[in-house]
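Student:
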Amino acid sequence: MNRAEKAALQLQAVSVLRMLKETRTYDELAELTGLPAGDLNRYVNGHVLPGVERAREVVEGVGRDALADELEARVRFDDEGYVDNSDVVFDQSFLDLVAPVAANTLGFERPDVVLTAATDGITLGAAMASYFGARLAYAKKSKETAVEDFIESRQRLASGIELTYYLPASAIDAGERVLVVDDLIRSGETQELLLDIALQADADIAGVFALIAVGDEGTSRAAELTDAPIGALSAFE
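Mapping of the sequence shown onto full-length UniProt numbering: residues 1 to 237, in sequence order.
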């Protein structure tokens, strides 16, 4: 880890601690993190940065659990099982905290391109791309008028509806590493289409990540298509 990466990790830890401090006293935060309340006060108020190992513990340990709890508190399900995650996907500052936690706990290889589906995946995709210093690409259900060459992936769903996604062919180059992300994985159909697009581009799959996994059908389906790491921040039955 070079100096810039160490500094980024330390700043990410401070961001996580500040989020946690919004709803906790320093004594409660100390109990949660195992760190002294006085040190936490100095970190949160910007007087000093945590050491690299402490920062890693915050981001990879308590950070993931805390963000998962916060995510679950914001997500709502209706009587038919539909998910309302608008309080998450519209909060870019929250998603910016998710990116380093996901990257450090799930072990994704650094991608060249973060690929998602329009529209709800775009804010998460932007956070992940910014963290990795990668390009963001998003597939759409319609073609851009001025674009001539597309990668197209089509699938007939169990309901009989045909789902098609299009990505400009110039968005991904052969041999690039692609991380597939989305806000939600349930059946895995969208992720299968995105993986197909990446493979048609002769790209390498760096991983598949979703904020929310509903059941295990989708992650199992993705696992059949790639050996790369697959994970979600929070899982619901």
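Glycine is no exception: its CB is placed at the ideal position from the N, C-alpha and C atoms.
Keep in mind it's a predicted model, so treat the numbers as computed, not measured.
I need the DSSP call for residue 214, collapsed to helix, strand or coil.
Tutor: Strand.
Student: Rounding to the nearest angstrom, what Cα-Cα distance links residue 178 and residue 206 in this structure?
Tutor: 5 Å
Student: Could you give the first and the last residue of the continuous alpha helix (DSSP H) run that contains residue 197?
Tutor: 189-200
Student: For residue 160 versus residue 186, is the C-beta distance shorter than 9 Å?
Tutor: no
Student: Report yes if the C-beta distance between residue 172 and residue 210 is below 9 Å; otherwise report no.
Tutor: no
Student: So, with DSSP's three-state summary, where would you put residue 36?
Tutor: Three-state DSSP puts residue 36 in coil, outside helix and strand.
Student: Since residue 236 is in the beta strand (DSSP E), which residue starts that stretch and which ends it?
Tutor: Residues 230-236.
Student: Once DSSP output is grouped into helix, strand and coil, what is the label at residue 25?
Tutor: coil
Student: Quick check on DSSP: helix, strand or coil for residue 107?
Tutor: coil
Student: Secondary structure at residue 18, three-state DSSP: helix, strand or coil?
Tutor: helix
Student: Mind listing, in chain order, the continuous beta strand (DSSP E) runs of no fewer than 3 residues lying wholly within the region 69-144?
Tutor: 113-117 and 135-139
Student: Determine, using beta-carbon pairs with one atom in the region 66-82 and one in the region 224-236, whether at least three such pairs fall under 8 Å.
Tutor: The region 66-82 makes contact with the region 224-236: 3 or more CB pairs, one atom from each, lie closer than 8 Å.
Student: Does the region 89-105 come within contact of the region 121-130, defined as at least 3 CB pairs closer than 8 Å?
Tutor: yes
Student: Since residue 163 sits in a beta bridge, which residues does DSSP pair it with?
Tutor: 155
Student: Given 8 Å as the limit, is there contact between the region 141-161 and the region 95-108, that is, 3 or more CB pairs closer than that?
Tutor: no
Student: Per DSSP, residue 207 forms a beta bridge with which residues?
Tutor: 179
Student: By the 10 Å Cβ neighbour count, where 16 or more other Cβ atoms means buried, how is residue 116 classified, buried or exposed?
Tutor: buried
Student: Give the straight-line distance between the Cα atoms of residue 45 and residue 227, rounded to the nearest whole angstrom.
Tutor: Residue 227 has its alpha-carbon roughly 42 Å from the corresponding atom of residue 45.
Student: Measuring only the C-alpha atoms, how far is residue 114 from residue 79?
Tutor: When rounded, the distance between both Cα atoms is 33 Å.
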